[in-house]
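Colleague: Okay, here's the structure, questions in a sec.
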Amino acid sequence: MSDIVLTNVQKNYGGKTALRPFSHTFEEGKITCLMGASGCGKTTLLKILAGFEAPDLGTVQGIPESIAFVFQEDRLCEDFSALSNIRMVCGKRKSKEEIIRHLTELGLKDEANKPVRTFSGGMKRRIAIARAILYDADLLLLDEPFKGLDEQMRKTVMDYVLRYTQGKTVLCVTHDEAEAEFMGAEIVHLAGKREEKVE
């Protein structure tokens, strides 16, 4: 692993600027929270780092091979159980017992074998986060991961993320400075706001 270095990275969609020229070094093993006005390119930046999008200009260096992503949408298989949704990503690298232990920490022990279509939005969010954590990647990208959680559960889940990401590089999009402070994160503000959101 190494620092992730972005130099004048820019992205356009159909003639509209999705991400203004952006340069930053994300330190290896640190948590960074990305903040900025809606539509300034936070999600676009995560997609570039994940390799889902290519920048139109600029360079990206130091991306590790192993990446986990919690999207704004939960992206779960609705008819599969919580356990099966996680197993789809982790395969046999994680035992059933270990997965259950993680679900227990997130208050979902009794829901492990139930289809996620029966879950509330907050429960699905916790499954999506557990899945990314259990993938055990070197880089974790989180796009508003704690939305839909009440205050107490948000703290529980943030504690969980902190516990299992020590020594890993974490980039988290949030609109809440209290979340960034709780996680001890560096805050990076992205400039600009588009008239039309294209993220």
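Per our numbering, the sequence shown starts with residue 32, numbered consecutively. From the three backbone atoms N, C-alpha and C, an ideal C-beta is built for every residue, glycine too.
DSSP on Gln197, reduced to helix/strand/coil?
Modeller: Looking at Gln197 - three-state DSSP - the assignment turns out to be coil, as it is neither helix nor strand.
Colleague: Just curious, the alpha helix (DSSP H) that Met214 is in, first and last residue?
Modeller: Taken as a continuous stretch (DSSP letters only), Met214 belongs to no alpha helix (DSSP H), as it is neither H nor E.
Colleague: Just to confirm, is the Cβ distance from Leu77 to Gln41 under 9 angstroms?
Modeller: No. Outside cutoff.
Colleague: Considering Gly153, what are the terminal residues of the alpha helix (DSSP H) in which it resides?
Modeller: Per DSSP, Gly153 belongs to the alpha helix (DSSP H) from Gly152 to Tyr166.
Colleague: Between Leu165 and chain D, is there a C-beta pair that is closer than 9 angstroms?
Modeller: Structure shown: chain D not included; a single protein chain is present.
Colleague: Measure the alpha-carbon distance for Gln25 versus Gly46 and round it to whole angstroms.
Modeller: Residue numbering for the chain in the displayed model covers 32 to 230; residue 25 lies beyond these limits and cannot be assessed.
Colleague: Name, in chain order, the residues that DSSP records as bridge partners for Asn43.
Modeller: Answer is Thr48, bridged to Asn43.
Colleague: Short of 8 angstroms in beta carbon distance, which residues of its chain neighbour Leu112, apart from the five on each side in sequence? Order them along the chain.
Modeller: Here the sequence assigns Ser to residue 112, which means Leu is not the residue at that position. Cβ within range, chain order: Ala143, Asn144, Lys145, Pro146 and Val147.
Colleague: Using a Cβ-Cβ cutoff of less than 6 angstroms, which residues in the same chain neighbour Glu136 once the five nearest sequence positions on both sides are dropped?
Modeller: Closer than 6 angstroms at the Cβ level, and outside the excluded window around Glu136, lie Tyr191.
Colleague: Does the beta-carbon of Phe53 have 16 or more other beta-carbons within 10 angstroms, so that it is buried, or is it exposed?
Modeller: Phe53 is buried by the Cβ-count criterion.
Colleague: DSSP has Leu202 in a bridge; who is on the other side?
Modeller: In the DSSP output, where bridge partners are listed per residue, Leu202 has Thr63 and Leu172.
Colleague: Which residues share a DSSP beta bridge with Leu88?
Modeller: Gln41, per the DSSP bridge assignment.
Colleague: Looking at the structure shown, is Asp34 part of a helix, part of a strand, or coil, going by DSSP?
Modeller: Asp34 falls in the coil class under three-state DSSP.
Colleague: How would you write the range of the alpha helix (DSSP H) that Val117 sits in, first residue to last?
Modeller: Checking the sequence, you will find Ile at residue 117 rather than Val. Its alpha helix (DSSP H) spans residues Ala113 to Cys121.
Colleague: I'd like the list of long-range same chain contacts for Gly93, defined as Cβ closer than 7 angstroms, with 5 residues on each side in sequence excluded.
Modeller: Closer than 7 angstroms at Cβ, skipping near neighbours: Ser33, Asp34, Ile35 and Val36.
Colleague: Look at the Cβ atom of Ile117, then the Cβ atom of Ala168, and state whether they are nearer than 9 angstroms.
Modeller: It is not a contact, given that the beta carbons lie outside the stated cut-off.
Colleague: If you check the beta carbons only, do Ala209 and Ile218 fall under 9 angstroms apart?
Modeller: Not in contact: Ala209 and Ile218 (Cβ atoms no closer than 9 angstroms).
Colleague: Take the Cβ of Ala163 as the centre, count every other Cβ of all protein chains shown within 10 Å, and call the residue buried at 16 or more, exposed below.
Modeller: With 16 or more other Cβ atoms within 10 Å, it is buried.
Colleague: Where does Cys64 land, buried or exposed, given buried means 16+ other C-beta within 10 angstroms?
Modeller: With 16 or more other Cβ atoms within 10 Å, it is buried.
Colleague: Tell me Phe57's beta-bridge partners as DSSP assigns them.
Modeller: Phe57 is bridged to Ile35.
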